[in-house]
Amino acid sequence: MREKWFREHIWWMSFILSLMVVWVHSENTELFLGELGRETMVYRLEFFFAQTLGQIAVPGFFMISAYLFYRNFQFSKTVSKWKSRCKSLLLPYVLWNILYYLGYVVVTRLSFVKKIIGKEPVAFGLKELFQAVAYYKYNPVFWYLFQLLLLVVLAPFLYWIICRKWSGLLWLLLLITALWKNVSLPILNLDALFYYSAAGYAVLFSEKVEGENTSSGKKIWFAILILCWLTLWFLGRPGATLHFTPVHTVLTRLLGVLIFYSILKEIPFRPATSTVKNSFFLYAIHFPWARFFNKAGAVLFKGNQGAAAVFFLTMPFLILGISKVLGELLKHTVPGIYEILSGGRGQ
């Protein structure tokens, strides 16, 4: 029963975070209203949903992925864990990047589409294909998946550090110090490494931290999270110690994810449907559709603040509908391809 409860909440959390990512990539005041859009109420509305709330989405994905990898982890399970991630992450990463590249090759040669998306014809060749597949050149939102694949490779080695209470804590403090000093790593993002490490550490010690999940323990834990968030808010004000620093951004988003999960744990969700379980497919398709609809809307309703707000607020649900239709279509016409594109989710 506990395992079923856990899976249901992880599916729902991933689904809600995927909808939030759509908001992150749906800001449209500049498209609809030009430079003056920054002075409007619509801009403040979109900033709240896309930046204040939405920016916990990708850190949440990293933390969910780490939590699932390290949950009940033993070194003997490393190969099986890697194999399952090849199906759920690597194969979708490669195929989606190929499809996005070929899609851009085609649509940038269609004059009526080119006027909306504003891209010159994309070159067709092996070099460009390699850039597309290896470095997500035409699928920018897959930077997250690229980082996650690197972390999955490193995960067993990180386990050596975080499986011990004090070495894990020192590792997290080292990463926080590196963020404070604005250190950058080659290829791997330091913030992604921190989120992944923190979630992995939490897998091993969360029950002790949360008071064995008792009612009073949950309340105390939630109060601690809120207090930490308020402290960070105070330290991040203009002129304060952490104002506009990477470490403040990362810690604020980490706390945002923890607070969000603490709230979700108390919600008795209905059993997740295939649509909820397959939020990865929604994530994979959302970016070009959101850009297309916003650019088309800006052409039709230029200067209209109300239209900008409506397009922004409804975009996650519009993309959800498209995801549902496309997913069902692919599932029934090319089930093998859909199996890869969805990473085996939502069957």
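Per numbering that gives the first Met the number 0, residue 0 is the first one in the sequence shown, and the count goes up by one each step. Ideal Cβ placement from N, Cα and C applies to all residues, glycine included. Owing to the predicted nature of the structure, the values given are computational and were not obtained by experimental measurement.
Check, Outcome
"Beta-carbon spacing of Ile336, Trp288 below 8 Å", "no"
"Cβ pair Glu29, Phe311 closer than 8 Å", "no"
"Proximity to Leu52 [Cα-Cα], best of Ile258, Arg108, Asp190 and Phe286", "Ile258"
"Whole-angstrom C-beta distance between Tyr194 and Phe61, which should lie under 8 Å", "4 Å"
"Whole-number beta carbon distance between Ala122 and Asn96, since they are thought to touch under 8 Å", "Actually they are not in contact, since the Cβ atoms of Asn96 and Ala122 sit about 16 Å apart, beyond 8 Å."
"Beta-carbon proximity of Ala283 to Leu325, cut-off 8 Å", "no"
"Range covered by the alpha helix (DSSP H) that runs through Glu265", "Note, Glu265: premise wrong, no alpha helix (DSSP H); not H, not E."
"Delimiting residues of the alpha helix (DSSP H) encompassing Ser214", "Ser214 to Leu234"
"Three or more C-beta pairs below 8 Å linking the stretch 185-192 and the stretch 138-152", "yes"
"Top-ranked residue by Cα proximity to Val182, from Val246, Lys323 and Phe316", "Val246"
"Cα-Cα separation, Ala177 to Trp11", "33 Å"
"Sequence-distant residues of its chain with Cβ nearer than 6 Å to Pro155 (five each side left out)", "Thr77"
"Start-end ranges of the beta strand (DSSP E) lying completely within the stretch 0-37, minimum 3 residues", "none"
"Glu209 - DSSP class collapsed to helix/strand/coil", "Note that Glu209 has pLDDT 47, beneath the 50 cutoff, so the model's placement of it is unreliable and the number below is only indicative. Note: Glu209 maps to coil in three-state DSSP."
"Close-in-space but distant-in-sequence residues of the same chain around Phe292 (CB under 8 Å, 5 per side omitted)", "Phe310, Met314 and Leu317"
"Burial state of Met40, where buried means 16 or more other Cβ atoms lie within 10 Å", "exposed"
"Cut-off 6 Å between Cβ atoms - residues of its own chain near Phe286, not counting five sequence neighbours on either side", "His24 and Val140"
"With 16 other Cβ atoms within 10 Å as the buried cut-off, status of Lys180", "exposed"
"Neighbourhood of Lys207 by C-beta, 6 Å cutoff - its chain only, sequence neighbours within 5 removed", "In this predicted model, Lys207 has a pLDDT of only 48, less than 50, meaning its place in the structure is not dependable enough to derive any value."
"Separation of Phe280 from Leu109, as counted between CA atoms", "26 Å"
"Terminal residues of the alpha helix (DSSP H) in which Arg290 lies", "Ser278 to Leu299"
"C-beta atoms of Ala197 and Leu224 nearer than 8 Å", "no"
"Whole-angstrom distance between Phe31 and Trp81, CA atom to CA atom", "45 Å"
"Start and end residues, alpha helix (DSSP H) containing Tyr100", "Leu90 to Val106"
"Outcome for Leu67 when other beta-carbon atoms lying within 10 angstroms are tallied against a minimum of 16", "buried"
"Collapsed DSSP secondary structure at Lys180 in the structure displayed", "coil"
"C-alpha distance - Glu209 paired with Thr272, whole-angstrom precision", "In this predicted model, Glu209 has a pLDDT of only 47, less than 50, meaning its place in the structure is not dependable enough to derive any value."
"Limits of the unbroken alpha helix (DSSP H) element including Tyr137", "Unbroken run through Tyr137: none, as it is neither H nor E."
"Glu34 to Gly302 span [Cα, whole Å]", "11 Å"
"Other residues of its chain near Arg236: CB distance less than 7 Å, five sequence neighbours each side excluded", "His242"
"For Thr51, three-class secondary structure by DSSP", "helix"
"Every unbroken alpha helix (DSSP H) within the stretch 139-169, with a cutoff of 4 residues, ordered by chain", "142-161"
"DSSP-derived helix/strand/coil call for Gln73", "coil"
"Length of the line joining the Cα atoms of Lys264 and Arg1", "12 Å"
"Collapsed DSSP secondary structure at His242 in the structure displayed", "coil"
"Rounded Cβ spacing between Gly167 and Tyr69 (contact assumed at less than 8 Å)", "Between Tyr69 and Gly167 the Cβ distance is about 11 Å, and since that is not below 8 Å, they are no contact."
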